[in-house]
Amino acid sequence: MKTTTIQPVADRQLRRNTSFTQSLANSVTMAYRGLLKIKRTPEQLFDVTLQPIIFTLMFTYIFGGAISGNVTRYLPVIIPGILVQTVITTSIVTGVQLREDMDKGVFDRFKSLPIARIAPLAGALLADTVRYTIATILTFSMGYLMGYRPDGGLTDVVLAGLLVIVCSWSISWIFAFFGVIARTASSVQGISMLVLFPLTFLSNAFVPVNTLPDWLQWFAKINPVSHLITAVRHLTNSGAFGWDFTVTLIGAAVIVVVFAPLTVRAYMHRT
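Per my numbering, the very first residue in the sequence shown carries number 1401; after that it's consecutive.
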């Protein structure tokens, strides 16, 4: 009979780092966990299903006549603005749910598993891209029902939607960082809204920048949200790739490079 010798833990050669392939596989597994949570609690999707519909209808009919003369001419302006505002605002939920999971002790278990350190965070953020996709589709669908016909064509509309989703995913790393360092989920939401509301409303989302007071125009012009909205408008309305498209992608990459390591480090320190 063959006997099996168990090697003592002290004598084993354990790897301290995981490969990129393993990190990616672990992150996908954690993303699947996030999708299962959405499946079992579908009320989590209320914000991404109701907000695009309500905001599109409300802002279009309130501001359409005053700014563009009628709703039809205002739709090419407001739909990209509503899209960016809705999807970026949705990314706040990432930090809130992260803080709630950490308070429940879920991430303590993840930390003890032999998986990549970044996997629980990256997986949660990856699962939230489903929420961004739903909000994007609903916003464009509402615009189409109201008469919006983008001249850029379907391909450019899809590219614009992907651009918004990628940028929102990168921004969600910022809110994930807030979720790790904050003490409560409510404080995460409060801090995030305090940061995000000025960025979305003090932009070119709803009104032309030249109609703002001089002391606000400078902020709206350098506002990264304005660059994203302009890039989406150029893609959907004319199919053009401009400087704003490039700047937006560079900014999204910089956010991930800076905040992903910060978030993982803070997560390992706090859990």
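Each residue gets a CB set at the ideal place from its N, CA and C atoms; glycine is no exception. Predicted, not measured: the structure shown is a model, and the values here were computed from it.
If you drop the 5 nearest sequence neighbours on each side, which residues of the same chain put their C-beta closer than 7 angstroms to that of Thr1486? Here residue 1486 refers to the residue found at position 86 of the sequence shown. Taking C-beta separations shorter than 7 angstroms and ignoring five residues to either side along the sequence, the partners of Thr1486 in its chain run Gln1451, Pro1452, Phe1455, Ala1535, Thr1539, following chain order.
Give a yes or no on contact between the segment 1638-1645 and the segment 1659-1668, applying the rule of three or more CB pairs nearer than 8 angstroms. no
Determine the closest residue to Ala1431 out of Val1471, Thr1529, Gly1552, with distance taken between C-alpha atoms. Looking up residue 1431 in the sequence shown gives position 31. For the residues Val1471, Thr1529, Gly1552, the minimum Cα distance to Ala1431 belongs to Thr1529.
Grab me the residues of Gly1651's own chain with a C-beta within less than 7 angstroms of its C-beta, minus the 5 sequence neighbours each way, in chain order. Your numbering for residue 1651 matches position 251 in the sequence shown. Contacts found: Pro1624.
Give a yes or no on whether the minimum CB-CB distance between Phe1578 and chain C is below 8 angstroms. This model lacks chain C altogether; it includes just one protein chain.
Among Asn1426, Thr1472, Ile1438, Val1448, which one has its Cα closest to the Cα of Met1546? In the sequence shown, residue 1546 corresponds to position 146, counting from 1. Checking every option, the nearest Cα to that of Met1546 belongs to Thr1472.
Grouping DSSP H, G and I as helix and E and B as strand, with all else coil, what is Val1607? Residue mapping note: residue 1607 aligns to position 207 of the sequence shown, counting from 1. Secondary structure of Val1607 (DSSP, three-state): coil.
Specify, as a first and last residue, the run of the alpha helix (DSSP H) that Gly1465 falls within. Counting from one through the sequence shown, the residue named residue 1465 turns up at place 65. From DSSP, the alpha helix (DSSP H) with Gly1465 extends over 1446-1468.
Buried versus exposed, by CB contacts within 10 Å (16 or more), Gln1589: Looking up residue 1589 in the sequence shown gives position 189. Buried, by the Cβ-count rule.
Considering Asp1528, what are the terminal residues of the alpha helix (DSSP H) in which it resides? Counting from 1 along the sequence shown, the entry for residue 1528 is found at position 128. Asp1528: not part of any alpha helix (DSSP H); DSSP gives it neither H nor E.
The alpha helix (DSSP H) spanning Leu1513 covers which residue range? Residue mapping note: residue 1513 aligns to position 113 of the sequence shown, counting from 1. Premise fails: Leu1513 is in no alpha helix (DSSP H) and is neither H nor E.
From what residue to what residue does the alpha helix (DSSP H) around Asn1637 run? Position 237 of the sequence shown holds residue 1637. First-last of the alpha helix (DSSP H) with Asn1637: 1624-1638.
What is the residue span of the alpha helix (DSSP H) that Thr1421 lies within? Numbered from its first residue, the sequence shown carries residue 1421 at position 21. Here the alpha helix (DSSP H) through Thr1421 covers 1420-1440.
Hey, Asn1637 and Pro1476 are a contact pair by Cβ (cut 8 angstroms); roughly how many whole angstroms apart? Your numbering for residue 1637 matches position 237 in the sequence shown. Your numbering for residue 1476 matches position 76 in the sequence shown. That belief holds up - the Cβ atoms of Asn1637 and Pro1476 are roughly 5 angstroms apart, short of 8 angstroms.
Which residues in the same chain have their Cβ closer than 6 angstroms to the Cβ of Pro1661, if we skip the five residues on either side of it in sequence? Indexing the sequence shown from 1 puts residue 1661 at position 261. If we look at Pro1661 and ignore the five residues flanking it on each side, it has no Cβ neighbours.
Rounded distance between the beta-carbons of Val1632 and Val1484, thought under 8 angstroms: Stepping through the sequence shown from its first residue, residue 1484 is reached at position 84. Stepping through the sequence shown from its first residue, residue 1632 is reached at position 232. The beta carbons of Val1484 and Val1632 sit about 6 angstroms from each other, so the pair counts as a contact at 8 angstroms.
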